[in-house]
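**Student:**
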Amino acid sequence: MGDGGAAAGTVHAGQELRLQGDDGETDWTGTLTKVSSTSSQTLLSSQADKPLPDKIAGALVVTASTSKPVLAAPRVALQPQADGTTTVDVVEGAKHHSVQVTQGLCDADRCEVTPTGGALHPGDDVVVR
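Residue numbers (the numbering used here): 11 to 139.
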């Protein structure tokens, strides 16, 4: 992948690789067997039980996961505080209040959150900034 070699720092042999064919239907799952990088790209080698899709539309390397359901909030809703804690603002009608949370795993858009000071439930509306 043409990433300037940046993926080599977080992608490792043994991680799951998921590819999607450009037909939108062909899904391929394998395991990375080797990761190497140059100044312009990261080369991923993998193994699986079936051939690769003819044309690849998307690729995902699973770098972290959890085995249980988690509560997640948009990354832009997490508010770092001066004391080192993190909060999210929960909307209640025309008002909102802050709930202190512990941040867990994140992807590009969402972060796992565990409320540590107040109540936060699936489906609650939060303020995004």
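All residues carry an ideal CB built from backbone N, CA and C; glycine is no exception.
1. Examine the Cβ distances between the stretch 91-102 and the stretch 50-68 and report whether three or more of them are shorter than 8 Å.
2. Looking at C-alpha atoms only, which residue of 112, 130, 72 is the closest neighbour of residue 100?
3. With a floor of 4 residues, list each alpha helix (DSSP H) that falls wholly inside the stretch 52-134, ordered by position along the chain.
4. Where does residue 45 land, buried or exposed, given buried means 16+ other C-beta within 10 angstroms?
5. If you drop the 5 nearest sequence neighbours on each side, which residues of the same chain put their C-beta closer than 8 Å to that of residue 134?
6. Using a threshold of 7 Å, state whether the C-beta atoms of residue 40 and residue 56 are closer than that.
7. Identify the continuous beta strand (DSSP E) that holds residue 46 and give its terminal residues.
8. From 34, 137, 112, pick the residue whose C-alpha is nearest to that of residue 103; which is it?
**Tutor:** In short, the structure shows the following:
1. no
2. On the sequence shown, position 90 is the one that residue 100 refers to. Among 112, 130, 72, the Cα nearest to that of residue 100 belongs to 130.
3. none
4. As a first step, residue 45 must be located in the sequence shown, where it is residue number 35. Its Cβ being crowded by 16 or more others within 10 Å, residue 45 is buried.
5. The residue labelled residue 134 in the question sits at position 124 within the sequence shown. Excluding sequence neighbours, residue 134 sits near 100, 101.
6. Here residue 40 refers to the residue found at position 30 of the sequence shown. Here residue 56 refers to the residue found at position 46 of the sequence shown. Against a cut-off of 7 Å, the Cβ pair of residue 56 and residue 40 comes out as a contact.
7. As a working mapping, residue 46 is identified with position 36 in the sequence shown. Taken as a continuous stretch (DSSP letters only), the beta strand (DSSP E) holding residue 46 covers 37-47.
8. By 1-based counting over the sequence shown, the position of residue 103 is 93. It is 137 whose Cα lies nearest to the Cα of residue 103.
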